[in-house]
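Working notes for the structure below.
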Amino acid sequence: MAESLQKRILDTLDSQSTIIDTRQLTIPGESEPASSHDSQIAILGALNSLLSRDMVTYETHEVFSYGLTPEGAQIAKEGSHEARVWSALPVKGQGRPVSPVELKKLVGDETAKVGQGRAFKNGWIGKEGDGLVKVLESIKDTAKLELQEIESTGNLKAGEKVLADLRKRKLILQRKGQWFTVQKGSNFSTSTAKPETDLTADMLTTGTWKTSTFKRYNFDAEGILTSGGTLHPLLKVREEIRTIFLEMGFAEMPTSTFVESAFWCFDALFVPQQHPARELQDTFYISDPPVSLPPEKSYYERVATVHEKGGYGSTGHRAPWSEKESKKLLLRTHTTASSAHMLYKLAARCRGEEPDDDTNEFTHGAKPTTAHGESHAKGYDFRPAKLFSIDRVFRNETMDATHLAEFHQVEGVVADRNLTLADLIGFMRVFFKKMGLEQVRFKPAYNPYTEPSLEIFAFHPTLQKWVEVGNSGMFRPEMLEPMGFPKDVRVHGWGIGLERPTMIRYGINNIRALLGHKVSIESVENSPAVMF
Numbered sequence: 247m248a249e250s251l252q253k254r255i256l257d258t259l260d261s262q263s264t265i266i267d268t269r270q271l272t273i274p275g276e277s278e279p280a281s282s283h284d285s286q287i288a289i290l291g292a293l294n295s296l297l298s299r300d301m302v303t304y305e306t307h308e309v310f311s312y313g314l315t316p317e318g319a320q321i322a323k324e325g326s327h328e329a330r331v332w333s334a335l336p337v338k339g340q341g342r343p344v345s346p347v348e349l350k351k352l353v354g355d356e357t358a359k360v361g362q363g364r365a366f367k368n369g370w371i372g373k374e375g376d377g378l379v380k381v382l383e384s385i386k387d388t389a390k391l392e393l394q395e396i397e398s399t400g401n402l403k404a405g406e407k408v409l410a411d412l413r414k415r416k417l418i419l420q421r422k423g424q425w426f427t428v429q430k431g432s433n434f435s436t437s438t439a440k441p442e443t444d445l446t447a448d449m450l451t452t453g454t455w456k457t458s459t460f461k462r463y464n465f466d467a468e469g470i471l472t473s474g475g476t477l478h479p480l481l482k483v484r485e486e487i488r489t490i491f492l493e494m495g496f497a498e499m500p501t502s503t504f505v506e507s508a509f510w511c512f513d514a515l516f517v518p519q520q521h522p523a524r525e526l527q528d529t530f531y532i533s534d535p536p537v538s539l540p541p542e543k544s545y546y547e548r549v550a551t552v553h554e555k556g557g558y559g560s561t562g563h564r565a566p567w568s569e570k571e572s573k574k575l576l577l578r579t580h581t582t583a584s585s586a587h588m589l590y591k592l593a594a595r596c597r598g599e600e601p602d603d604d605t606n607e608f609t610h611g612a613k614p615t616t617a618h619g620e621s622h623a624k625g626y627d628f629r630p631a632k633l634f635s636i637d638r639v640f641r642n643e644t645m646d647a648t649h650l651a652e653f654h655q656v657e658g659v660v661a662d663r664n665l666t667l668a669d670l671i672g673f674m675r676v677f678f679k680k681m682g683l684e685q686v687r688f689k690p691a692y693n694p695y696t697e698p699s700l701e702i703f704a705f706h707p708t709l710q711k712w713v714e715v716g717n718s719g720m721f722r723p724e725m726l727e728p729m730g731f732p733k734d735v736r737v738h739g740w741g742i743g744l745e746r747p748t749m750i751r752y753g754i755n756n757i758r759a760l761l762g763h764k765v766s767i768e769s770v771e772n773s774p775a776v777m778f
């Protein structure tokens, strides 16, 4: 079919030089000219095939026609709603008027509803008492006649105003069609034989390559895109932030423990056991196993004492200590639980214990010192450390466009002697400058385990406004000294989200389009490597 249609076009061009209107062509196997929409689609396919070989050129012309909707087809057959209402009524003065309720039974609810208004507007019917009657003895159902004309010809002589009214009444549909003017191309021929695309061994052997016609090679054509793995936008931003930490001399903490005990997630951080964040509406608790393994006994007792009675210069929370509460298992609500684990290990030398081997990589071989800067003495050995982590946390949030029940937290910890709040602010300015945020502000805030605490705001150059980018502070003595750290050791801590900066930089308004089962794989493949 396709090849015979191409042959028909070429033969017609050979005899006429130009095909002015393809609607005058006759498709092979058909007796009528190709005036239908489907016929022109078939001709377009044949023209594109010939165009690719430069055998023809063509110009497209658009044409509009109209067809009837199901309601329009019914009116063309049975008459308009207003005409059917008129037919159901008696002539004024020659019979009993028909009430609106009776009219619905005679012509149907929809016809009575639509037809009454239009019949009144046309002056065909009127009221007599409580009923309706004909005012005119005869009418001309123009809507039926117009629709019959459209049904037979695809158009209407009455003009665009009438067509617009019929479209508004949803009686007709506009259809877009096309036809073509065709001319000879630079490689015009009446032969439809396709040019060769490959030079084969048989052609070289037989010599047929000398007389063969080859398809022109397109050196400007792009190659097929390779399909392969690609990083999710979150992973791209994660790797960029990770690189910043490593450039600043930080070591990455192990954070593979998604399930934590309430002791490490809250108690070790000096979060009160009565704090609202520990309620079921904010935290996911584990039912099996029901309780965690106990921490080291002496440390556990020091933490329980500072909570209940105070110590280390603090009055504590002055509330009863619950061992049952501290043993609960939960999905960690922040990676600070992992930071607490790591700080406890780093304080081992200060407690006079032999630390785990894995703490050496986090202290960067720093020389141990005493409080007076002297050489190492057992029981008072501290090494400065800079640690970071980027991992998943879980909270019992109400999910919406900006919140999920699981998300990622970026956390950093710096431990050294005699650190001050000014050191924290200075470090934060350097860190966010590396992220491309030059203007940074700090606002006093409250956190259970840091004092003083600061909220961090940055002026975002893309959004052109100040946005909250993180939280920070200095860990409280009630958290650090029970671990075994000397009094002059201070620890900076801060955290930022991973999803929010990713959404801002990639222009994503709904977090569910960034993370979860509804994320489009195609969007991941096409996401650019947006830089800070």
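Sequence positions in the sequence shown follow the working numbering and run 247 to 778. Glycine is no exception: its CB is placed at the ideal position from the N, C-alpha and C atoms.
Quiz item: Using the rule of at least 16 other Cβ atoms within 10 Å of the residue's Cβ for burial, across every protein chain shown, is E684 buried or exposed?
Solution: Exposed, since its Cβ has fewer than 16 Cβ neighbours within 10 Å.
Quiz item: Thinking C-beta only, is R629 closer than 8 Å to D734?
Solution: Taking the C-beta atoms as reference points, R629 is found no nearer than 8 Å to D734.
Quiz item: How far does the alpha helix (DSSP H) with A647 in it reach, from first residue to last?
Solution: Counting along the chain, no alpha helix (DSSP H) covers A647, and no H or E run does either.
Quiz item: How about R269: is its Cβ closer than 7 Å to a heavy atom in the ligand SAH?
Solution: Absence of the ligand SAH from the depicted structure is noted, as is the absence of any ligand whatsoever, leaving it without description.
Quiz item: Rounded to whole angstroms, how far is the Cβ of E397 from the Cβ of A322, which I believe are closer than 8 Å?
Solution: For E397 against A322, the beta-carbon gap comes to about 5 Å, under 8 Å, which counts as contact.
Self-check item: Pick from S261, L259, I289 and T264 that is closest to I273, judged by C-alpha positions
Solution: Nearest to I273 by alpha-carbon distance, out of S261, L259, I289 and T264, is I289.
Quiz prompt | Length at least 3, wholly inside the region 284-359: the beta strand (DSSP E) runs in chain order | solution = Runs of the beta strand (DSSP E) inside the region 284-359: 302-314.
Quiz item: What is the DSSP secondary structure of R758, reduced to helix, strand or coil?
Solution: DSSP places R758 in the helix class (H, G or I) of the three-state scheme.
Exercise. Using only alpha-carbon positions, find the residue among F434, K253, G275 and V517 that is nearest to T696.
Key: It is V517 whose Cα lies nearest to the Cα of T696.
Quiz item: Taking Cβ to Cβ, would you say S585 is nearer than 8 Å to G739?
Solution: Yes, the pair counts as a contact, with Cβ atoms nearer than the cut-off.
Quiz item: Along the chain, which unbroken stretches of the beta strand (DSSP E) at least 3 residues long are found entirely within the region 368-394?
Solution: Fully contained in the region 368-394 are the following beta strand (DSSP E) runs of length 3 or more, in chain order: 371-374 and 377-380.
Quiz item: Which ranges does the alpha helix (DSSP H) cover as unbroken runs of at least 4 residues, wholly within the region 406-483, from first to last along the chain?
Solution: Listed in chain order, they are 406-414 and 447-452.
Self-check item: Secondary structure of P540, DSSP reduced to three states
Solution: In the structure shown, P540 falls within a coil segment according to DSSP collapsed to helix, strand and coil.
Quiz item: DSSP state of S261, grouped into three classes?
Solution: Helix, per DSSP.
Practice problem: Would you mind sorting F678 into buried or exposed? The rule is 16 or more other CB atoms within 10 Å of its CB. | Solution: Residue environment analysis places F678 among the buried positions, since at least 16 neighbouring C-beta atoms fall within 10 angstroms of its C-beta.
Quiz item: Using the rule of at least 16 other Cβ atoms within 10 Å of the residue's Cβ for burial, across every protein chain shown, is I767 buried or exposed?
Solution: Counting the other CB atoms within 10 Å of its CB gives I767 a total below 16, which places it among the exposed residues.
Quiz prompt | Which listed residue (I487, T472, P690 and P728) has its alpha carbon closest to that of R597 | solution = The shortest Cα separation from R597 among I487, T472, P690 and P728 belongs to P728.
Quiz item: How is F670 classed by DSSP in three states: helix, strand or coil?
Solution: According to the sequence as given, residue 670 is Leu; it is not Phe. DSSP, reduced to helix, strand and coil, places L670 within a helical segment of the structure shown.
Quiz item: Is it true that the CB of T581 sits closer than 8 Å to the CB of S635?
Solution: Taking 8 Å as the cut-off, the Cβ atoms of S635 and T581 count as close.
Quiz item: Between V302 and L251, which are expected to be in contact by the criterion C-beta below 8 Å, what is the C-beta distance as a whole number of angstroms?
Solution: Rounded, the Cβ-Cβ distance is 12 Å, inconsistent with contact.
Quiz prompt | For Y312 and W420, believed in contact at Cβ under 8 Å, the rounded distance | solution = At residue 420 the sequence reads Gln, which differs from the Trp that was named. Indeed they touch by this definition, with Cβ atoms about 6 Å apart.
Quiz item: When DSSP labels each residue in this structure, what does S585 get in the three-state scheme?
Solution: For S585, the three-state secondary structure derived from DSSP is helix.
Exercise. Indicate whether P694 and L515 have their beta-carbon atoms separated by less than 8 Å.
Key: A contact, by the Cβ cut-off of 8 Å.
Quiz prompt | N- and C-terminal bounds of the beta strand (DSSP E) containing W740 | solution = Judged by DSSP secondary structure, W740 falls within the beta strand (DSSP E) whose first and last residues are V735 to G743.
Exercise. Report buried or exposed for S621, applying the criterion of at least 16 other Cβ atoms within 10 angstroms of its Cβ.
Key: Here S621 scores only 36 on pLDDT, less than 50, and its place in the model is too uncertain to base an answer on.
Practice problem: Starting from the C-beta of V428, find all residues in its chain whose C-beta is less than 6 Å away, skip the five residues before and the five after it, and write them out in chain order. | Solution: Excluding its 5 nearest sequence neighbours in each direction, V428 has C-beta neighbours in its own chain below 6 Å: I265, V302 and Y304, listed in chain order.
Exercise. Taking only the alpha-carbon atoms, compute the straight-line gap between A583 and E486 and give it to the nearest angstrom.
Key: So the two alpha carbons sit approximately 24 Å from each other.
Quiz item: At a cut of 8 Å, does the region 483-499 reach the region 458-473 through at least three beta carbon pairs?
Solution: Contact between the region 483-499 and the region 458-473 is absent, with fewer than three C-beta pairs closer than 8 Å.
Exercise. Quick one: give me the first and last residue of the alpha helix (DSSP H) that A508 is part of.
Key: A508 to C511 is the extent of the alpha helix (DSSP H) around A508.
Quiz item: Would you say T379 and G369 are within 8 Å of each other, going by their C-beta atoms?
Solution: For clarity, residue 379 is Val in the given sequence; the question names Thr instead. V379 places its beta carbon 8 Å or farther from that of G369.
Self-check item: Local conformation of H553 per DSSP, three classes
Solution: H553 falls in the helix class under three-state DSSP.
Quiz item: Count the other CB atoms within 10 Å of the CB of P723; is the residue buried (16 or more) or exposed (fewer)?
Solution: When all chains shown are included, P723 counts as buried.
Quiz prompt | Residues near I371 in its chain [Cβ-Cβ closer than 8 Å; skip 5 each side] | solution = Only V331, W332, L335, Q362, A365, L378, V379, K380 and V381 meet the Cβ criterion.
Exercise. Mind checking who S787 pairs with in its DSSP beta bridge?
Key: As shown, the chain starts at 247 and ends at 778. That puts residue 787 outside it, with no answer to give.
Self-check item: Short Cβ contact (8 Å threshold) for L700 with G719
Solution: Taking 8 Å as the cut-off, the beta carbon of L700 is found closer than this to the beta carbon of G719.
Exercise. Can you give me the Cβ contacts of G611 inside the same chain, cut-off strictly under 7 Å, excluding the 5 residues immediately before and after it?
Key: Caution applies to G611, whose pLDDT of 45 falls short of 50 and renders its modelled position unreliable; the value that the coordinates give is listed next. If we look at G611 and ignore the five residues flanking it on each side, it has no Cβ neighbours.
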